[in-house]
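Counting in our numbering, the sequence shown runs from 39 upward without gaps. C-beta atoms are modelled at their ideal positions from N, C-alpha and C, and glycine is treated no differently. Right, one structure below, let's go through it.
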Amino acid sequence: MKKAEAHIAKYPKGKQASAVMPLLDLAQTQHDGWIPEAAMEEIGRILDMPRIKVFEVATFYTMYNLQPKGEHHLQLCTTTPCWLSGSAEVVKACEKHLGIKMGETTADGLFSMSDVECLGACVNAPVIQHNGDDLYEDLTPKNVIEVLDGLKSGKKPKHGSQTGRTTSMGVKGATCLHELAEKAGVKKC
Ligand code: FES
């Protein structure tokens, strides 16, 4: 409740409903990664807003889970840049390897797959977010299996590019800016 009050205090008096998103996030964090209906009702009561408005926000954003998820929640981006870079094959590889379809959880409760919109890392597409946190990037049907097996074994694979790219460096290496700098007479750093 103290954390909720700290979020509410960030907004002007009478505008406490603006805290609905951080409160949903707080509820999710405190409730094993998902938000039950009772929590949404309580948030409506705390913020003095109709519960349908809380439901509207919670159902709009894919970052809010309204059902329990597996220990490893894979949020697979299938928006255009990821799709153009092969996300459909990555999805198929995950479904085949895990024996589930998008939107399902494995029988052992270890993995869940969710379809999400752009994760803001299109330059390293295709991308999967793990448990709402780390991004696995530059995925292929082959390297995504290594990521899944790594997660299953309990050794968390290194997140970021799975092809060894440094952050979002061009696939041919960091040449462009050096060349431009040289042309402009700037010494190499
Ligand atoms: S489209 Fe997949 S990260 Fe942007």
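Rounded to the nearest angstrom, what separates residue i and residue j at their Cα positions?
i, j, result
"residue 84", "residue 217", "57 Å"
"residue 138", "residue 144", "6 Å"
"residue 169", "residue 222", "45 Å"
"residue 118", "residue 160", "9 Å"
"residue 86", "residue 110", "34 Å"
"residue 59", "residue 129", "29 Å"
"residue 51", "residue 102", "26 Å"
Name, in chain order, the residues that DSSP records as bridge partners for residue i.
i, result
"residue 151", "112"
"residue 198", "174"
"residue 166", "114, 174"
Where does residue i fall in DSSP's three states?
i, result
"residue 142", "coil"
"residue 172", "strand"
"residue 92", "helix"
"residue 83", "helix"
Looking only at C-alpha atoms, which of the options sits nearest to residue i?
i, options, result
"residue 163", "154, 177, 65", "177"
"residue 94", "112, 75, 50", "75"
"residue 41", "51, 55, 63", "63"
"residue 125", "157, 100, 220", "157"
"residue 65", "54, 88, 39, 51", "39"
"residue 146", "202, 107, 215", "107"
Please state whether the Cβ-Cβ distance between residue i and residue j is less than 8 Å.
i, j, result
"residue 135", "residue 189", "no"
"residue 113", "residue 152", "yes"
"residue 73", "residue 57", "no"
"residue 67", "residue 155", "no"
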